[in-house]
Amino acid sequence: MSFVPTLDDDGKPLVCRAQNPNVSALFLETSWLISVVYPPVVRLRLGSSLAAGDIKEGDDVYFECHVRANPPARKLSWLHDDLPLVHNASARVFHSNQSLVLQKVTRRSSGRYACSALNAEGETVSNELYFRVKYAPSCRSGGVAVVGAARGESVVIVCEVDADPPAAVFKWKFNNSGETLDVAADRYTSNGSASSLKYTPVADLDYGTLSCSASNEVGSQLAPCVFQMVAAGKPHAPRNCSLWNQTADSVEVSCAPGFDGGLPQRFLLELYSGDDTVPRVNLSSSEPVWTVRGLEWDVRFRLAAVAVNAKGRSPPALLDDVLFRDPEKRTAGPRREIIRPRIHQTANVKEIMCQSQIALECSSGESSYDTTRPTRASARASVTVRHDISHSCATTDE
């Protein structure tokens, strides 16, 4: 007899019987219990007392991993989005026999779950079970957002929230330290996870704090999204730009920041050569300090320092005629390095500098400015500095 057992035959008896058909009550038989070895058969289910569609943040849940295997499984593992999920009491993740317990679930608990079992015949991964955790709305971007607008300027403020299911109701409020007002519902539009408000400040009292909150079937948003309305415009140009730490082919440019226009600002340094209108180098920084490298000898450069915010660019602070001399072309005589030209904001300052005649000579609106000791290896640079003024004391090479 040829017999191929299946998983269902495991543990059942196999009987061989001899019997005389004429004497039905008399027979001889022997039997063997069949042991069928096979890799684990695994099935994952959500706890029988739980409703999959009603799980929300803060609930306790459990999964049951049903395993059938011969020989018995010697290892049981859990997976969350294909990554191992280990026993972790601090994260409220517990393994108990063939169960996985998650306490006080959060939105990060959502995802695909599976269990796997291992025995001598192999390892099997269960079916994937998608687990959804519902939660009340929360602001998508943390912190206070600063929104700048001039008087009479209309801006559209977008309030975005994360929620499952999507937010059903949005509410806006305005506070100017004197009072808190509800914004009429016809002044904003809402669509799923976002609400948009068009706002136009016309007086000082229209600057303050706008807040937005949402709610869904799980509950209301705990902390609103906050927007700080400020009177804003383009930033002012950087001030007092100077050259520092000059080497043969590099220089550091340092400026003082001007008024930011009421908004966060960044700083750009653009380098031009000759009559170019497109910068050869464009550097960005959170502070008005840059290092320009790879400068060529005997080529005149122009540097423009600019501040930028959400409203636009400032006028440039210009450093004209930046020239690096080849050290081998120097002639005999005193050597002087010009590496710290200052931007002079007012005519009075320039007059004082011109009249002082201390390390500085002014003639026909031009000046020479010497601030460092001679060095053997460094190149010489000459610079003319302008900052939106028609009459300037400019530094030139001596």
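Mapping to full-length UniProt numbering: the sequence shown position 243 is 243, numbers consecutive. By construction, the Cβ of each residue, glycine as well, lies at the ideal position given by its N, Cα and C atoms.
DSSP three-state assignment for residue i, whether helix, strand or coil
i, result
"Gly294", "coil"
"Arg74", "coil"
"Gly178", "coil"
"Ala203", "coil"
"Cys16", "strand"
"Arg107", "helix"
"Gly122", "strand"
"Ala184", "coil"
"Gly53", "helix"
"Leu26", "coil"
"Ala8", "It should be noted that the sequence gives Asp, not Ala, for residue 8. Asp8 falls in the helix class under three-state DSSP."
"Ala167", "coil"
"Arg43", "strand"
"Thr247", "coil"
"Asn282", "strand"
Among the options, the one whose alpha carbon lies nearest that of residue i
i, options, result
"Gln246", "Thr189, Thr291, Arg187, Leu283", "Thr291"
"Ser31", "Ser24, Gly11, Ser48, Pro21", "Gly11"
"Ser48", "Asn282, Lys56, Cys65", "Cys65"
"Leu319", "Asp164, Cys241, Ser126, Asp249", "Cys241"
"Ala114", "Leu44, Asp59, Val306", "Leu44"
"Thr124", "Gly192, Ala91, Pro39", "Pro39"
"Gly143", "Ser211, Asn22, Tyr130", "Ser211"
"Trp297", "Pro279, Asn282, Phe324", "Phe324"
"Gly122", "Trp78, Val147, Val42, Asp164", "Val42"
Alpha carbon of residue i to alpha carbon of residue j, nearest angstrom
i, j, result
"Ala52", "Pro72", "30 Å"
"Pro5", "Leu28", "24 Å"
"Asn88", "Phe63", "16 Å"
"Gln98", "Ala18", "45 Å"
"residue 399", "Ala149", "Given a span of 1 to 398 for the chain in the structure shown, any question on residue 399 remains unanswerable."
"Ala120", "Val161", "50 Å"
"Val308", "Ser110", "41 Å"
"Val299", "Ser286", "29 Å"
"Pro84", "Val230", "48 Å"
"Glu57", "Arg132", "10 Å"
Cross-strand partners of residue i (DSSP beta bridge)
i, result
"Leu33", "Pro13"
"Arg112", "Tyr130"
"Gly312", "Asn309"
"Asn191", "Ala194"
Contact with chain C by residue i, beta-carbon distance below 8 Å
i, result
"Val308", "Annotation note: the requested chain C is absent from the structure, which comprises a single protein chain."
So, does the segment 127-144 touch the segment 211-226, judging by three or more C-beta pairs under 8 Å?
Yes: at least three Cβ pairs fall under 8 Å.
Do the segment 244-259 and the segment 206-215 make contact, defined as three or more Cβ pairs closer than 8 Å?
They do not touch, by the three-pair rule.
Check whether the segment 304-313 touches the segment 230-238, counting contact only when three or more Cβ pairs, one atom from each stretch, lie closer than 8 Å.
A contact is defined here as three or more CB-CB pairs under 8 Å, and the segment 304-313 meets this definition with respect to the segment 230-238.
Please determine if the segment 265-281 and the segment 295-305 are in contact, where contact requires at least 3 C-beta pairs separated by less than 8 Å.
Judged by Cβ distances under 8 Å, the segment 265-281 makes contact with the segment 295-305, as three or more pairs qualify.
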